[in-house]
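Engineer: Going by my numbering, the first residue of the sequence shown is number 34, and it counts up by one from there.
We put the beta carbon where it would ideally sit given N, CA and C, even for glycine.
Please read through the structure below; I'll follow up with questions.
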Amino acid sequence: MRLIERVGLAALHRLDPETAHDLSIRALRSGLVPLEGAPVESARLRTNIAGLDLPNPVGLAAGYDKNARAAAPLMRAGFGFIELGAATPRPQQGNAKPRLFRLSADRAIINRFGFNNEGAEAIAARLTRRPAGIPVGLNIGANKDSTDRAADFAEVVRVAGMAADFLTVNVSSPNTEKLRDLQGAEALRALLGGVIAARDALPQRRPVFLKIAPDLGDAEIEDIAEIALELRVDAIIATNTTLARDGLVSEGKAQAGGLSGAPLFARSTRVLARLYRATGGAVPLIGVGGISDANDAWEKLRAGASAVQIYSALVYQGMSLAPRIARALDARAAREGLGNLGELTGTGADEWA
Numbered sequence: 034m035r036l037i038e039r040v041g042l043a044a045l046h047r048l049d050p051e052t053a054h055d056l057s058i059r060a061l062r063s064g065l066v067p068l069e070g071a072p073v074e075s076a077r078l079r080t081n082i083a084g085l086d087l088p089n090p091v092g093l094a095a096g097y098d099k100n101a102r103a104a105a106p107l108m109r110a111g112f113g114f115i116e117l118g119a120a121t122p123r124p125q126q127g128n129a130k131p132r133l134f135r136l137s138a139d140r141a142i143i144n145r146f147g148f149n150n151e152g153a154e155a156i157a158a159r160l161t162r163r164p165a166g167i168p169v170g171l172n173i174g175a176n177k178d179s180t181d182r183a184a185d186f187a188e189v190v191r192v193a194g195m196a197a198d199f200l201t202v203n204v205s206s207p208n209t210e211k212l213r214d215l216q217g218a219e220a221l222r223a224l225l226g227g228v229i230a231a232r233d234a235l236p237q238r239r240p241v242f243l244k245i246a247p248d249l250g251d252a253e254i255e256d257i258a259e260i261a262l263e264l265r266v267d268a269i270i271a272t273n274t275t276l277a278r279d280g281l282v283s284e285g286k287a288q289a290g291g292l293s294g295a296p297l298f299a300r301s302t303r304v305l306a307r308l309y310r311a312t313g314g315a316v317p318l319i320g321v322g323g324i325s326d327a328n329d330a331w332e333k334l335r336a337g338a339s340a341v342q343i344y345s346a347l348v349y350q351g352m353s354l355a356p357r358i359a360r361a362l363d364a365r366a367a368r369e370g371l372g373n374l375g376e377l378t379g380t381g382a383d384e385w386a
């Protein structure tokens, strides 16, 4: 980690977490954050998911840059792809503050933002102004007060679909009441059908991904796998934050909201592996949850992922983490004689499941 990054993180951690979050976005936009400058890439790291060419399989998870304010600098931070949002049809304030909590002793975060964002139209306008480069996806959601949440997802596709390289249907956030109910088989089938119909009406096709929760049982995972195969979902992101609080020691562990960070690793990786087995490896999977270093990323790939995403670990390790993980994956693949990391995908699924 660079000295300037270490000093910056220490300063941010003296501030309220949401204030620090906003300041980090401002610092990125102002050029104050040291960045890699370009994605880390090699033949071993190169990955293709749903027709998207990734220079490396290390991505940024949604939730950090909700309003696409820092898309351009994030594209230069060493990631192979990034995901922004979540965007809802109409702007909304989200839940009352405070709503973001550091659990430093657990290397974790709890948030209950509630899809605070400036709305699909404003976010799409920013996305269309981004420079060429790595794939940029948009996480999509529904307004809290919507009377037809499934229709909200399709509306975001209509408004912002052409502005992103892929679209992620987020029915797994725990911070919008009853949103996770949309993961039920019939509700999910109907919702995804509407999203895919809206996507098919766009001038150019955009891959549709689905983001699921880590708190699903085996029967629910089987249902999701069946629907994803039936509707030809382009990829599944496993997983979002958890409502579980197992083993936490930090003072803020009782806060309501979704838990992310290191304690989520095993839970999310088990869901990932079970999903890989349920789909027979036929749907590309993106592993998220608790990745702190290249060893964690390696295990996500073994469990069934074709790519990974990070977010909470950046709070503790800074933006240099993404290129550090990518380089370490490349070095380990070379040591183990892999021509490409794709050869690793799913080789440890049975162990994790």
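Any contact between the region 118-138 and the region 148-157? By contact I mean 3 or more CB pairs, one from each, below 8 Å.
Structural biologist: They touch, by the three-pair rule.
Engineer: Out of R109, A220, R102 and A103, which one is the CA nearest neighbour of V91?
Structural biologist: Within the sequence shown, the letter at position 58 stands for residue 91. Ranking the options by Cα distance to V91, first place goes to R109.
Engineer: Could you compute how far the alpha carbon of R62 sits from the alpha carbon of G226?
Structural biologist: For the purposes of this step, residue 62 is taken as residue 29 along the sequence shown, with counting starting at 1. For the purposes of this step, residue 226 is taken as residue 193 along the sequence shown, with counting starting at 1. Spanning the two alpha carbons is a distance of roughly 37 Å.
Engineer: For E384, list the residues DSSP reports as bridge partners.
Structural biologist: Residue 384 sits at position 351 when you count from the first residue of the sequence shown. DSSP lists no partner for E384.
Engineer: For the region 333-374, list the beta strand (DSSP E) runs that are entirely contained and at least 3 residues long, ordered along the chain.
Structural biologist: Segments of the beta strand (DSSP E) lying fully in the region 333-374: 340-343.
Engineer: So for K211, helix, strand or coil by DSSP?
Structural biologist: Taking the first residue of the sequence shown as position 1, residue 211 is located at position 178. The answer is coil: DSSP assigns K211 none of H, G, I, E or B.
Engineer: Tell me the DSSP bridge mates of G118?
Structural biologist: By one-based count along the sequence shown, residue 118 stands at place 85. Answer is N172, bridged to G118.
Engineer: Looking at the structure shown, is Q125 part of a helix, part of a strand, or coil, going by DSSP?
Structural biologist: The sequence position of residue 125 within the sequence shown is 92, counting from 1. DSSP places Q125 in strand when its eight states are reduced to three.
Engineer: Do A83 and A268 have their C-beta atoms closer together than 8 Å?
Structural biologist: Taking the sequence shown and counting its residues from 1, one reaches residue 83 at position 50. Taking the sequence shown and counting its residues from 1, one reaches residue 268 at position 235. A contact, by the Cβ cut-off of 8 Å.
Engineer: Decide yes or no for the touch test of the region 345-358 against the region 140-148: beta carbon pairs closer than 8 Å, at least 3 of them.
Structural biologist: Contact holds: three or more Cβ-Cβ distances are below 8 Å.
Engineer: Verify whether the separation of the beta carbon atoms of G320 and A246 is less than 8 Å.
Structural biologist: Counting from one through the sequence shown, the residue named residue 320 turns up at place 287. Counting from one through the sequence shown, the residue named residue 246 turns up at place 213. No, the pair does not count as a contact, with Cβ atoms beyond the cut-off.
Engineer: Classify E332: buried if its beta carbon has 16 or more other beta carbons within 10 angstroms, exposed otherwise.
Structural biologist: Walking along the sequence shown from the start, residue 332 turns up at place 299. Looking at its Cβ environment, which holds 16 or more other Cβ atoms inside 10 Å, E332 is buried.
Engineer: Exposed or buried, I115, counting other C-beta atoms within 10 Å across all chains shown (16 or more means buried)?
Structural biologist: Sequence index remark: in the sequence shown, residue 115 carries index 82 (1-based). The residue is buried, with at least 16 neighbouring Cβ atoms inside 10 Å.
Engineer: What residues are listed by DSSP as bridge partners for S63?
Structural biologist: To locate residue 63, count along the sequence shown from 1; it is residue 30. Answer is none; S63 lacks a bridge partner.
Engineer: Mind pulling the alpha helix (DSSP H) runs of 4 or more residues that sit fully within the region 60-112?
Structural biologist: Segments of the alpha helix (DSSP H) lying fully in the region 60-112: 104-108.
Engineer: Cα-Cα, which of T80, E284, N100 and E69 is closest to G111?
Structural biologist: The sequence position of residue 111 within the sequence shown is 78, counting from 1. Residue E69 is the option with its Cα nearest to G111.
Engineer: Counting along the chain, where does the beta strand (DSSP E) carrying A158 start and finish?
Structural biologist: The residue given as residue 158 occupies position 125 in the sequence shown. Run containing A158: none in the beta strand (DSSP E); it sits in the alpha helix (DSSP H), A153 to T161.
Engineer: Let's see if you can read the secondary structure: which residues bound the beta strand (DSSP E) around R265?
Structural biologist: By one-based count along the sequence shown, residue 265 stands at place 232. No beta strand (DSSP E) contains R265, which DSSP labels as neither H nor E.
Engineer: Over what stretch of residues does the beta strand (DSSP E) that includes F199 continue unbroken?
Structural biologist: Indexing the sequence shown from 1 puts residue 199 at position 166. Start and end: F199 to N203.
Engineer: Exposed or buried, N407, counting other C-beta atoms within 10 Å across all chains shown (16 or more means buried)?
Structural biologist: Lying outside 34 to 386, the shown extent of the chain, residue 407 is not represented and no answer is given.
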